[in-house]
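In my numbering, the protein residues as written are 102 to 267. Using N, Cα and C, we set each Cβ at its ideal position, and we do this for glycine too.
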Amino acid sequence: IFDEILVNAADNLVRSGTQDTIKVEVNRAKGSISVWNNGLGLPVQIHKEHGCHVPELVFGHLLTSDNYDDSERKVTGGRNGYGAKLTNIFSTRFIVETADSRSGKSYKQVWEKNMNTRHQPQIKSTQLEDFTQVTFFPDLARFGMTALEDDIVALMQRRGYDVAAS
C-alpha cells in the first residue's frame, strides 16, 4: 500500500515537469507514513461529472482514473483508479492535503475506518505553492502486524531510493 502512494508521487513528476522533490516520512511511534511531493497540486474544484471535489474523487471513489487506455503508451504506474484508494481502504486513517496555485486554494480531507468514514473537506484560500501530501495509518492488524516492523520500514526506504534513482 505504501508503493501505491509513492508511485503516485513519482507519476506526478512525469506529468507536471515542475516537481523536483518527494519526501517520505515513516513515524513508527504513531504508525503513520507520509509521502509529500511538490508537483502540481490536485485541482481544488468540483468535478463536473461526479459532483464532488477532485481530490475526493481521486482518493475516495473507486474506478476513477485517467489511466484506462490500454492502447496508450505509458511511463506512469497507475491503472484503473484503484491504487491510492486501496491504500485508503487498508488504512485506519487516511489524510490527503494539496495546494492548487491555479485556484489559490488548499484542500484537506480525512477518511477513517478503512474508507468507511469520510469527513468533509477543509478548503481554504492559500498563497502556498503546489504540493500534495498523503498521510496514512496502515491497518496493521489486517497485515498480521502490531507495529511497522524493521523489514517493512527497510523495504519502504529501499523503494524510496529506487524512485529517487529513476
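- Excluding the 5 residues flanking it on each side, residue 219 has same chain C-beta neighbours closer than 7 Å at 161 and 212, in chain order.
- The beta carbon of residue 221 sits closer than 8 Å to the beta carbons of 210 from its chain, once the five residues preceding and following it are set aside; these are given in chain order.
- Residue 131 is classed as exposed because its beta carbon has fewer than 16 other beta carbons within 10 Å across all chains shown.
- Residue 160: member of the alpha helix (DSSP H) spanning 155 to 161, first to last residue.
- Check the Cα spacing between residue 124 and each of 186, 152, 234 and 159: the tightest is with 234.
- For the 7 Å CB-CB criterion, residue 239 and residue 202 do not form a contact.
- Annotation for residue 128: the continuous beta strand (DSSP E) segment containing it runs 123 to 128.
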